[in-house]
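Engineer:
In our numbering, the protein residues as written are 4 to 365.
1) Are three or more beta carbon pairs between the region 165-182 and the region 207-215 nearer than 8 Å?
2) Please specify which runs of the beta strand (DSSP E), each continuous and at least 3 residues long, are wholly inside the region 35-86, giving them in chain order.
3) With the cut-off set at 9 Å, would you say residue 93 and residue 297 are in Cβ contact?
4) Within the region 100-187, note down every full beta strand (DSSP E) run reaching 3 residues or more, in order along the chain.
5) Within the same chain, show all residues whose beta-carbon is closer than 8 Å to that of residue 181, passing over the 5 residues directly before and after it, in chain order.
6) Taking 8 Å as the limit between beta carbons, can you name the residues of its chain near residue 88, skipping five residues before and five after?
7) Please identify the residue among 116, 160, 120 and 124 whose C-alpha is closest to the C-alpha of residue 135.
8) Using CA atoms only, rank isn't needed, just tell me which of 333, 269 and 317 is closest to residue 300.
9) Within its chain, find whatever has a CB closer than 7 Å to the CB of residue 221; leave out the 5 residues flanking it on each side and keep chain order.
10) Is the CB-CB distance between residue 291 and residue 319 below 9 Å?
11) Can you confirm whether the region 276-284 touches the region 37-51 when touching is taken to mean that 3 or more C-beta pairs between the two stretches lie within less than 8 Å?
12) Is it right to say residue 293 is buried, meaning 16 or more other beta carbons lie within 10 angstroms of its own, or is it exposed?
13) Run through the region 327-359 for me and flag every whole alpha helix (DSSP H) of 4 or more residues, listed as ranges in chain order.
14) How long is the line joining the alpha carbons of residue 147 and residue 344, rounded to whole angstroms?
15) Given a threshold of 16 other Cβ atoms within 10 Å of its Cβ, counted over all protein chains shown, does residue 363 qualify as buried or as exposed?
16) How long is the line joining the alpha carbons of residue 349 and residue 133, rounded to whole angstroms?
17) Taking the beta carbon of residue 127 as the centre, do at least 16 other beta carbons fall within 10 Å, making it buried, or is it exposed?
18) Confirm, please, whether the CB-CB distance from residue 267 to residue 253 is below 9 Å.
19) Please state if the CB of residue 39 and the CB of residue 192 are separated by a distance shorter than 9 Å.
20) For residue 9, does the count of other Cβ atoms within 10 angstroms reach 16, so buried, or fall short, so exposed?
21) What are the boundary residues of the alpha helix (DSSP H) that residue 236 is part of?
22) Shortest alpha-carbon distance to residue 269 belongs to which of 64, 138 and 288?
23) Mapping the DSSP letters down to three states, classify residue 220 as helix, strand or coil.
24) Under the rule that 16 or more other beta-carbon atoms within 10 Å means buried, what is residue 119, buried or exposed?
25) Using DSSP with H/G/I as helix, E/B as strand and the rest coil, what is residue 201?
26) For residue 168, I'd like the list of residues in its chain whose CB is within less than 7 Å of its CB, leaving aside the five on either flank, ordered along the chain.
27) Do residue 263 and residue 308 count as a contact pair if the criterion is CB distance below 9 Å?
28) Taking the DSSP output, what are the residues bridged to residue 207?
29) Taking only three categories from DSSP, how would you classify residue 225?
30) Does the distance from the CB of residue 284 to the CB of residue 317 come in under 9 Å?
31) How about residue 90 and residue 68: do their beta carbons lie closer than 9 Å?
32) Where does residue 249 fall in DSSP's three states?
33) Use the C-beta contact count for residue 346: other C-beta atoms within 10 angstroms, 16 or more gives buried, fewer gives exposed.
34) If you draw a straight line from the alpha carbon of residue 375 to that of residue 178, how long is it in whole angstroms?
Right under this line is the structure:
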């Protein structure tokens with residue numbers, strides 16, 4: 004979106020706060036990333052209050068990292084606690100979780116310097132560092148958090164994973180993630196659409212190019228300008244990255260156009276809405292693993308029920324079973340084992356899954 008579009012949308016927001024809350028709830032329920040991102044930016048532009056309590060549901064749906072920072076920094080209320088709840092929800096991805104932990108630490112030290120850091124902030128950061136050990140983009144905000152807080156334990160963990168970045172890199176990260184968005188939250192938005200995107204092929208025509216005086220492709224026998232021209236012009240306004248498909252059509256039925264790279268870029272709520280039976284077998288295992296990463300356990304179980312056990316999913320089954328046990332989802336663990344026709348005592352069942360199943364037995 005452009006700055007002008009955001010300001011125009013801000014002028015159309017519901018006047019009543021209750022109506023705005025209901026709109027946020029509907030977007031969360033629909034897992035509408037584009038709608039939620041636009042709404043949050045419009046609320047910031049319009050000076051509307053973003054309540055901290057909505058952040059755990061809102062932030063996983065914000066589809067730009069810049070906007071994640073803006074929303075977190077503009078929210079009011081128990082923001083630190085809400086940011087930690089969003090991280091613990093496991094729906095954000097490593098880089099975004101690291102950014103939220105950094106912002107939570109910064110808020111404690113700068114907006115309310117009398118308060119102490121939450122007891123779970125640094126442990127969450129240390130755990131995330133170990134999980135994201137090869138992801139430099141996720142580790143940089145954690146290095147910045149260690150720098151701000153001066154926490155030696157976090158510094159030690161990070162130092163064991165990669166070489167610490169230079170001080171100037173850490174300072175730049177703090178400026179980009181926190182200081183600039185706090186001072187001018189909408190500065191990152193362009194004032195007008197970059198037309199280079201259209202020329203580069205990023206967007207593809209949602210309607211074929213036809214001469215105005217040519218016969219209409221629909222077969223009506225009329226000239227194109229007298230038949231489907233106006234309809235196709237409307238479709239072109241909603242062109243997507245897939246030729247012949249509008250953004251709305253792509254949102255409603257994304258599975259036929261997904262690739263491994265696109266799946267790996269998607270996060271929890273959107274992954275949970277995909278229909279696994281519409282994916283090619285090679286992509287089904289990617290979706291199953293991504294659902295496990297983002298702790299979408301109900302969607303994970305439903306997906307496994309649809310695809311059933313297959314020999315090519317063996318490693319994926321191991322990964323999902325381990326993650327389900329880590330999440331304490333006894334029901335998912337039991338069903339995954341049953342899908343393979345195994346008993347809990349089988350050698351292929353990891354120890355954490357066995358212990359979880361035994362926990363309720365006297």
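The beta carbon of each residue, even a glycine, is placed where N, CA and C say it ideally should be.
The structure presented is a predicted model; accordingly, all values stated were derived computationally and were not measured.
Structural biologist: This is what the structure holds:
1) no
2) none
3) yes
4) none
5) 72, 76, 105, 106 and 109
6) 58 and 59
7) 160
8) 333
9) 230 and 231
10) yes
11) no
12) buried
13) 333-342
14) 48 Å
15) exposed
16) 30 Å
17) buried
18) no
19) no
20) buried
21) 232-239
22) 64
23) coil
24) exposed
25) Low confidence applies to residue 201: its pLDDT is 38, below 50, so where it sits in the model is not reliable enough to give any reading.
26) 143 and 146
27) no
28) 243
29) coil
30) no
31) no
32) strand
33) exposed
34) Outside the displayed range of the chain (4 to 365) lies residue 375, so it cannot be described from this structure.
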